[in-house]
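K.L.:
In the order they appear, the protein sequences are chains A and B.
Counting in the working numbering, the final residue of the first sequence is number 267, and the numbers go up one at a time with none missing.
Counting in the working numbering, the final residue of the second sequence is number 626, and the numbers go up one at a time with none missing.
Handing you a structure now.
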Amino acid sequence: MADRSFSISRLPGFGTIAVAVFVMLYAPIAMLVIFSFNAGDSVAIWEGFSLRWYPEAWANEAVKDATWRSLQIATCASILATTVATMAALGTTRRRATRGQSFVYLMINQPLMVPEIVTAVALLIFFSSIKVATGYQGLGYLIVAHAAFCTPFAYLPIRARLEGMDLSLETASADLYASRWQTFRHVTLPLVLPGAVAGLMLAFVTSLDDVVITLFVKSAGQDTLPTYMLAQIRRSVSAEVNAISTLLLLLTVVLLTAFFLLTRKRT
Amino acid sequence: MSDENAVEARAARKIYGQGAGAVTALDGVSLLIRKGEFFTLLGPSGCGKTTLLKLIAGFESPTEGQILLDGTDITYDPPNRRPVNTVFQSYALFPHLTVADNIGFGLRMQGRPKREVADTVARMLALVRLEAMADRKPGQLSGGQQQRVALARALAPSPKVLLLDEPLSALDLQLRKEMQVELKRLQVETGITFVFVTHDQEEALTMSDRIGVMQAGRLLQVGDPRAIYTRPANRFVASFIGESNFLTGTRDGDTLALGAGPRLTATAMDGAPASGPVTAAIRPEQVRIVQGGGEGIPATVVRSVYFGTDTHAVVALTDGTEITVRMQSPASGDAGLAPGQEVRLTFEPGALIVLPEVA
Ligand SMILES: Nc1ncnc2c1ncn2[C@@H]1O[C@H](COP(=O)(O)OP(=O)(O)OP(=O)(O)O)[C@@H](O)[C@H]1O
Ligand SMILES: [Mg+2]
Numbered sequence: 001m002a003d004r005s006f007s008i009s010r011l012p013g014f015g016t017i018a019v020a021v022f023v024m025l026y027a028p029i030a031m032l033v034i035f036s037f038n039a040g041d042s043v044a045i046w047e048g049f050s051l052r053w054y055p056e057a058w059a060n061e062a063v064k065d066a067t068w069r070s071l072q073i074a075t076c077a078s079i080l081a082t083t084v085a086t087m088a089a090l091g092t093t094r095r096r097a098t099r100g101q102s103f104v105y106l107m108i109n110q111p112l113m114v115p116e117i118v119t120a121v122a123l124l125i126f127f128s129s130i131k132v133a134t135g136y137q138g139l140g141y142l143i144v145a146h147a148a149f150c151t152p153f154a155y156l157p158i159r160a161r162l163e164g165m166d167l168s169l170e171t172a173s174a175d176l177y178a179s180r181w182q183t184f185r186h187v188t189l190p191l192v193l194p195g196a197v198a199g200l201m202l203a204f205v206t207s208l209d210d211v212v213i214t215l216f217v218k219s220a221g222q223d224t225l226p227t228y229m230l231a232q233i234r235r236s237v238s239a240e241v242n243a244i245s246t247l248l249l250l251l252t253v254v255l256l257t258a259f260f261l262l263t264r265k266r267t
Numbered sequence: 268m269s270d271e272n273a274v275e276a277r278a279a280r281k282i283y284g285q286g287a288g289a290v291t292a293l294d295g296v297s298l299l300i301r302k303g304e305f306f307t308l309l310g311p312s313g314c315g316k317t318t319l320l321k322l323i324a325g326f327e328s329p330t331e332g333q334i335l336l337d338g339t340d341i342t343y344d345p346p347n348r349r350p351v352n353t354v355f356q357s358y359a360l361f362p363h364l365t366v367a368d369n370i371g372f373g374l375r376m377q378g379r380p381k382r383e384v385a386d387t388v389a390r391m392l393a394l395v396r397l398e399a400m401a402d403r404k405p406g407q408l409s410g411g412q413q414q415r416v417a418l419a420r421a422l423a424p425s426p427k428v429l430l431l432d433e434p435l436s437a438l439d440l441q442l443r444k445e446m447q448v449e450l451k452r453l454q455v456e457t458g459i460t461f462v463f464v465t466h467d468q469e470e471a472l473t474m475s476d477r478i479g480v481m482q483a484g485r486l487l488q489v490g491d492p493r494a495i496y497t498r499p500a501n502r503f504v505a506s507f508i509g510e511s512n513f514l515t516g517t518r519d520g521d522t523l524a525l526g527a528g529p530r531l532t533a534t535a536m537d538g539a540p541a542s543g544p545v546t547a548a549i550r551p552e553q554v555r556i557v558q559g560g561g562e563g564i565p566a567t568v569v570r571s572v573y574f575g576t577d578t579h580a581v582v583a584l585t586d587g588t589e590i591t592v593r594m595q596s597p598a599s600g601d602a603g604l605a606p607g608q609e610v611r612l613t614f615e616p617g618a619l620i621v622l623p624e625v626a
């Protein structure tokens with residue numbers, strides 16, 4: 001009884017509530033993972049362990065097609081978003097504060113605050129007029145749309161990194177004969193890189209998992225993995241979808257773990 | 268003779284900000300720093316020392332005035348085009364680079380050949396005695412070692428001038444003493460002009476060839492340590508560097524009359540008023556107390572405080588002016604000065620200085 005200071009963990013019922021919350025958060029996911037190994041095709045009745053849904057999902061041309069498209073979009077969009085976010089973060093941290101600075105923050109982070117459905121409808125209208133004008137029907141629209149709403153996710157860790165950086169390092173670099181570009185290349189960029197990689201992964205995951213905006217913006221035959229799964233589930237609940245979800249979950253866990261390792265404070 | 272001067276500031280003014288919030292950090296500083304000297308800028312916090320270094324390094328440009336390097340006007344050259352390097356107070360070592368890569372940074376940015384970079388880095392590592400640490404990252408070094416890397420990094424490109432902004436202030440006393448010796452050794456060995464900033468007067472006196480004393484954006488006096496200490500140009504310098512007793516009186520040639528009281532022999536500084544009311548200064552250790560009559564100025568002991576090696580006595584002259592006297596404590600530890608005791612004060616000719624300002 002050495003430590004008598006207040007601790008929330010000693011309140012009555014704390015343990016029970018904590019367990020209940022964790023069960024609510026993770027039980028559905030656990031169910032999903034478990035039933036992806038179900039031998040039968042039901043998602044409710046366990047009929048024994050089997051790996052059959054994984055090769056089955058993979059053998060499905062539509063799944064492969066959607067996966068490939070999702071990866072293409074997420075890769076392009078997250079690189080685009082990270083580049084834009086890095087420039088925006090440099091612009092907002094490496095110059096004297098100007099009037100309207102907070103307005104600029106607001107503009108950059110706008111996709112986090114505006115309801116997704118509003119962005120989706122706006123993009124639908126905007127892109128359809130471009131589609132009519134140019135006749136272009138490719139993946140470009142989805143990539144640009146994803147880059148737009150992924151930018152704030154990439155921006156936040158990069159800005160945190162730049163703000164935490166000692167400005168005298170850049171001064172020291174200039175003092176040691178580095179031009180502005182050399183300073184960026186040899187000092188700023190290497191130091192901001194963990195933030196940029198973290199931002200990239202966050203943007204990638206965000207893009208990979210988007211449904212609403214993709215549904216509105218995509219042309220016919222441009223299903224991504226999430227929209228394909230949604231379509232499947234509308235027809236019949238299939239264990240194949242469980243298998244795909246489990247793989248997506250695995251990918252997300254890997255990326256988020258890497259994100260956590262990159263952004264945590266060095267001890 | 269511009270070819271004898273490494274750095275020259277001509278009427279440099281620096282005003283930060285505009286309008287009501289404007290701060291005058293430098294108020295017309297003109298200064299010559301000679302080639303190969305250890306020059307120290309000394310002054311209280313906020314007097315503009317860092318600002319002056321920034322003007323020389325190129326991190327800021329003056330509002331008015333010019334900065335010359337080796338006789339060439341560099342006022343508006345960017346920092347990367349000035350053969351001047353800085354040792355930052357926070358060291359500012361690149362955390363992602365090894366010690367060796369930190370030291371070689373300037374040379375690589377200049378595009379020097381790989382061989383030359385490697386040779387110079389090895390030479391610098393030996394100079395600061397960090398050969399064993401070449402492959403470490405700055406985060407794995409102690410404060411004193413980081414300090415030496417910062418020095419080596421700034422020295423590696425052989426700058427014409429090395430600027431050091433309070434480089435020792437983050438170190439503890441022991442290490443600070445060691446680094447003072449080390450810095451002086453490096454300066455002598457490399458022959459590079461050092462411009463060193465400190466607000467520690469002892470550091471300035473022991474390390475410098477010449478000192479520039481600053482206050483409130485102005486340069487008050489430039490001279491070698493002895494000249495600054497024994498011939499302070501004004502009351503601020505006399506009290507900022509060491510301690511001084513100030514006497515006000517009327518000057519008449521070589522004598523200073525304290526009111527109706529004693530007449531003292533005084534040496535006048537350049538610019539001191541030839542007659543009339545003046546201020547004079549004398550160091551506490553220059554005054555001697557004579558007990559039991561004889562020659563000297565009559566005074567009364569107010570109190571005496573024992574400091575170990577020294578004993579400080581405060582005595583009052585007949586006109587009431589109090590003077591602090593610092594003397595070596597006698598073997599017995601007791602200087603035998605009781606409050607109220609009548610004593611006499613003597614000092615050598617030249618110890619009492621008439622300052623160039625009216626009382
Ligand atoms: N970027 C700035 N903007 C506005 N005022 C400044 C700026 N830098 C310095 N000043 C002001 O200019 C004056 C001189 O500052 P400077 O840093 O040169 O002092 P210093 O002699 O180096 O002091 P210290 O010993 O505390 O480092 C101070 O009053 C300071 O507040
Ligand atoms: Mg300073």
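For every residue, glycine included, the Cβ atom is placed at its ideal position computed from N, Cα and C.
The model shown is predicted, which means the values in this text are computed figures rather than measured ones.
Assuming residue 178 of chain A contacts residue 347 of chain B (C-beta within less than 8 Å), just tell me the rounded distance between them.
P.N.:
That pair is a contact at about 6 Å.
K.L.:
Sorted by chain position, which residues of the same chain lie with C-beta nearer than 7 Å to residue 259 of chain A's C-beta, five sequence neighbours on each side aside?
P.N.:
Closer than 7 Å at the Cβ level, and outside the excluded window around residue 259 of chain A, lie 198, 201, 202.
K.L.:
Could you tell me whether the Cβ of residue 171 of chain A comes closer than 9 Å to any Cβ of chain B?
P.N.:
Closer than 9 Å: yes.
K.L.:
Taking 6 Å as the limit between beta carbons, can you name the residues of its chain near residue 586 of chain B, skipping five residues before and five after?
P.N.:
Within the same chain, residue 586 of chain B has close Cβ partners 525, 526, 528.
K.L.:
Looking only at its chain, what residues have a beta carbon closer than 7 Å to the beta carbon of residue 595 of chain B, apart from the 5 residues adjacent to it on each side?
P.N.:
Excluding sequence neighbours, residue 595 of chain B sits near 576, 577.
K.L.:
Closer than 7 Å from C-beta to any heavy atom of ligand 2: which residues, in chain order?
P.N.:
Residues with a Cβ closer than 7 Å to any heavy atom of ligand 2, in chain order: B:316, B:317, B:432, B:433, B:464.
K.L.:
Tell me the DSSP bridge mates of residue 594 of chain B?
P.N.:
BP columns for residue 594 of chain B point to B:578.
K.L.:
Can you give me the C-alpha to C-alpha distance between residue 567 of chain B and residue 556 of chain B, rounded to a whole angstrom?
P.N.:
About 10 Å.
K.L.:
Whole angstroms are fine: how far does the CA of residue 548 of chain B sit from the CA of residue 433 of chain B?
P.N.:
Residue 433 of chain B and residue 548 of chain B: Cα-Cα distance of roughly 29 Å.
K.L.:
Does residue 146 of chain A come within less than 9 Å of chain B when only Cβ atoms are used?
P.N.:
False, the Cβ-Cβ gap to chain B never drops below 9 Å.
K.L.:
Chain B beta carbons: is any one of them nearer than 9 Å to that of residue 54 of chain A?
P.N.:
Answer no: the Cβ-Cβ gap between residue 54 of chain A and chain B never drops below 9 Å.
K.L.:
Please state if the CB of residue 86 of chain A and the CB of residue 108 of chain A are separated by a distance shorter than 9 Å.
P.N.:
No, they are not a contact pair.
K.L.:
Please name the residue or residues paired with residue 168 of chain A in a DSSP beta bridge.
P.N.:
Note: residue 168 of chain A sits in no beta bridge, so no partner.
K.L.:
From the DSSP secondary-structure annotation, give me the bridge partner or partners of residue 79 of chain A.
P.N.:
Partner(s): none; residue 79 of chain A has no beta bridge.
K.L.:
Say whether chain A places a C-beta atom closer than 9 Å to the C-beta of residue 352 of chain B.
P.N.:
Taking Cβ atoms only, chain A reaches closer than 9 Å to residue 352 of chain B, which makes this a yes.
K.L.:
What I want to know is whether the C-beta of residue 484 of chain B ends up closer than 8 Å to one or more non-hydrogen atoms of ligand 1.
P.N.:
Under cutoff, so the answer is yes.
K.L.:
With DSSP run on the structure shown, which of helix, strand or coil describes residue 213 of chain A?
P.N.:
Note: residue 213 of chain A maps to helix in three-state DSSP.
K.L.:
Go ahead and pull the three-state DSSP assignment for residue 395 of chain B.
P.N.:
If DSSP states are grouped into helix, strand and coil, residue 395 of chain B belongs with coil.
K.L.:
Classify residue 267 of chain A: buried if its beta carbon has 16 or more other beta carbons within 10 angstroms, exposed otherwise.
P.N.:
Any reading at residue 267 of chain A needs caution, since the residue's pLDDT is 39, under 50, leaving its predicted position unreliable; the model's value is listed next. So residue 267 of chain A ends up on the exposed side.
K.L.:
By the 9 Å beta-carbon criterion, what residues does the region 313–347 of chain B contribute toward chain A?
P.N.:
So the close ones are 324, 325, 326, 345, 346, 347.
K.L.:
How about residue 1 of chain A: is its C-beta nearer than 9 Å to some C-beta of chain B?
P.N.:
Low confidence applies here, because residue 1 of chain A scores a pLDDT of 47, under 50, leaving its location unreliable; read the following figure in that light. Not one chain B Cβ lies under 9 Å of residue 1 of chain A.
K.L.:
Quick check on residue 118 of chain A: buried or exposed, where buried means 16 or more other Cβ atoms within 10 Å of its Cβ?
P.N.:
Exposed.
K.L.:
Ligand 3 and residue 466 of chain B: does any heavy atom of the ligand fall closer than 8 Å to the residue's C-beta?
P.N.:
What this structure holds is ligand 1 and ligand 2, not ligand 3.
K.L.:
Note the first and the last residue of the continuous beta strand (DSSP E) segment covering residue 333 of chain B.
P.N.:
Note, residue 333 of chain B: beta strand (DSSP E), 331–336.
K.L.:
For residue 500 of chain B, which option in B:405, B:480, B:296, B:569 has the closest C-alpha, if you only look at C-alpha atoms?
P.N.:
The residue with the shortest Cα to Cα distance from residue 500 of chain B is B:480.
K.L.:
Can you list, in chain order, the residues of the region 160–191 of chain A whose Cβ is nearer than 8 Å to any Cβ on chain B?
P.N.:
Against chain B - using a Cβ distance shorter than 8 Å - the residues of the region 160–191 of chain A are 166, 168, 169, 171, 172, 173, 174, 175, 176, 177, 178, 179, 182, 186, 187, 190, 191.
K.L.:
Mind listing the chain A neighbours of residue 424 of chain B? Cutoff is C-beta to C-beta under 9 Å, in chain order.
P.N.:
Within chain A, the residues near residue 424 of chain B are 176, 177.
K.L.:
Quick one: what's got a C-beta closer than 7 Å to residue 424 of chain B's C-beta in the same chain, skipping five residues either side?
P.N.:
Same-chain partners within the cutoff: 352, 373, 374, 377.
K.L.:
Spell out the partners DSSP gives residue 347 of chain B in its beta bridges.
P.N.:
DSSP output for residue 347 of chain B lists no bridge partner at all.
K.L.:
Taking a Cβ distance cut-off of 8 Å, strictly less, list which residues of the region 484–512 of chain B are near chain A, in chain order.
P.N.:
Those would be none; no residue qualifies.
K.L.:
In chain order, which beta strand (DSSP E) runs of at least 3 residues are fully inside the region 281–330 of chain B?
P.N.:
If we require 3 residues or more, the beta strand (DSSP E) runs fully inside the region 281–330 of chain B come out as 290–301, 305–309.
K.L.:
Going by beta-carbon coordinates alone, are residue 66 of chain A and residue 223 of chain A separated by less than 9 Å?
P.N.:
In contact: residue 66 of chain A and residue 223 of chain A (Cβ atoms closer than 9 Å).
K.L.:
In angstroms, rounded to a whole number, what distance separates the CA positions of residue 301 of chain B and residue 151 of chain A?
P.N.:
Distance between the alpha carbons of residue 301 of chain B and residue 151 of chain A: 55 Å.
K.L.:
Which residue from B:618, B:399, B:311, B:288 puts its Cα closest to that of residue 511 of chain B?
P.N.:
Nearest C-alpha to residue 511 of chain B: B:618.
K.L.:
Under three-state DSSP, which class holds residue 491 of chain B?
P.N.:
DSSP places residue 491 of chain B in coil when its eight states are reduced to three.
K.L.:
Got a sec: is the Cβ-Cβ distance from residue 420 of chain B to anything in chain A below 9 Å?
P.N.:
So yes, residue 420 of chain B belongs to the interface.
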